[in-house]
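Here the sequence shown is numbered in full-length UniProt numbering, starting from 1 and rising by one per residue.
Glycine is no exception: its CB is placed at the ideal position from the N, C-alpha and C atoms.
What follows is a set of notes on a single structure, which appears directly below.
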Amino acid sequence: MAQPGTGRVAGRAALVMGGGQTPGQTAGNGRATSVLLAREGAKVLVADRDLAAAEDTVKQITGEGGEAVAIAADVTIEDEVAAAVAACAQRWGSLDILHNNVGISIAGGDAPVADIEADAFARITAVNLQGMVMTCKHAIRVMRDQPRGGVITNISSIAAQINYPFVTYRTSKAGVVTLTEHIAITNAQYGIRANAILPGLMDTPMAIENRVGLGGRTREDVYAERNSHVPLRNTMGTAWDVANAALFLASDEAAFITGVALAVDGGQSLATG
């Protein structure tokens with residue numbers, strides 16, 4: 001862990017949307033990224049629809065000596081998104097890192113295209129894609145006025161590139177990649193970098209807990225089935241794999257990288273096409 005004032009993102013103000021997590025036995029992507037950014041010197045505003053979950057993330061950060069605060073924000077409500085962006089800029093004088101970690105699929109009623117309900121498609125798209133558009137909209141307005149611009153990292157999914165069975169998740173996460181490319185090319189002149197991370201099969205609460213019990217599957221069944229699709233050691237990744245990628249993209253080590261869709265998937269996309 002970096003000492004105060006040091007680290008790969010030392011002194012920078014970060015807003016992590018979706019920085020809490022659903023209950024489960026492992027860390028979620030948003031929590032892991034929030035903690036790792038703080039360990040590397042960032043001041044972190046942890047935003048989540050579930051304020052208690054965001055506060056739990058903050059407790060972990062402050063318990064390690066980091067600086068963080070929690071805020072309630074639902075990405076489907078633009079006023080709450082704008083308030084989270086403003087709170088970060090007002091508290092620390094800048095918004096240097098925006099990390100968009102939001103997404104639902106099964107929990108939102110996703111289904112194959114022949115079975116999808118219009119309300120479910122609209123609900124999932126509002127979270128997965130519209131929410132990111134609105135967060136980026138307000139963050140970019142702040143970042144354009146900053147001397148060093150800023151960094152935006154959007155969490156997509158390898159589902160955007162493979163034979164994922166549910167139409168809304170795949171479509172919306174593919175939209176996140178296009179959104180990221182659009183932001184990168186239209187804001188490069190302002191020193192704003194934008195990249196997407198495409199996680200593969202991860203051992204996170206959102207991925208695991210929603211599948212346990214479906215069709216009578218046990219936790220062991222879910223792990224075995226998911227692990228079998230990962231070429232690299234036949235083992236799912238963890239939230240810390242995503243967090244490490246996010247830290248790299250937010251750091252000066254990635255200063256010449258923008259518009260990239262980075263797969264963090266243990267080779268799954270190579271095996272499936």
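{"Query": "Using 8 angstroms as the Cβ pair cut-off and three pairs as the minimum, do the stretch 70-81 and the stretch 47-60 touch?", "Result": "yes"}
{"Query": "Would you check if there are 3 or more beta carbon pairs closer than 8 angstroms linking the stretch 171-191 to the stretch 132-146?", "Result": "yes"}
{"Query": "Would you grab the beta carbon distance between Leu-95 and Val-102 for me? Rounded to a whole angstrom, and I think it's under 8 angstroms.", "Result": "Rounded, the Cβ-Cβ distance is 17 angstroms, inconsistent with contact."}
{"Query": "Could you give the first and the last residue of the continuous alpha helix (DSSP H) run that contains His-182?", "Result": "167-187"}
{"Query": "Could you tell me whether the stretch 29-40 touches the stretch 211-220, using the rule of 3 or more Cβ pairs below 8 angstroms?", "Result": "no"}
{"Query": "Please confirm if the stretch 162-173 is in contact with the stretch 116-132, defined as three or more CB-CB distances below 8 angstroms between the two stretches.", "Result": "yes"}
{"Query": "From what residue to what residue does the alpha helix (DSSP H) around Arg-31 run?", "Result": "29-39"}
{"Query": "In the DSSP assignment, find the unbroken beta strand (DSSP E) run with Glu-67 in it and report its ends.", "Result": "67-72"}
{"Query": "If we count Cβ pairs, one from each stretch, closer than 8 angstroms, do we get three or more for the stretch 250-258 versus the stretch 101-115?", "Result": "no"}
{"Query": "Please indicate yes or no: does the CB of Glu-117 lie closer than 7 angstroms to some heavy atom of the ligand SAH?", "Result": "In the structure on display, the ligand SAH does not appear, and there are no ligands present to speak of."}
{"Query": "Residue range of the beta strand (DSSP E) that Asn-100 falls in?", "Result": "97-100"}
{"Query": "Of the residues Thr-26, Thr-22, Arg-39, which one's Cα is nearest the Cα of Val-9?", "Result": "Arg-39"}
{"Query": "For Ile-61, report the span of its alpha helix (DSSP H) as first-last.", "Result": "51-63"}
{"Query": "Can you tell me where the alpha helix (DSSP H) holding Pro-199 begins and where it ends?", "Result": "First-last for Pro-199: 192-199, but that is the beta strand (DSSP E), not the alpha helix (DSSP H)."}
{"Query": "Exposed or buried, Arg-226, counting other C-beta atoms within 10 Å across all chains shown (16 or more means buried)?", "Result": "buried"}
{"Query": "Leu-98: buried (16+ other C-beta within 10 angstroms of its C-beta) or exposed?", "Result": "buried"}
{"Query": "I need the DSSP call for Ala-107, collapsed to helix, strand or coil.", "Result": "helix"}
{"Query": "Note the first and the last residue of the continuous alpha helix (DSSP H) segment covering Asp-48.", "Result": "Segment 43-48 is the beta strand (DSSP E) holding Asp-48; no alpha helix (DSSP H) there."}
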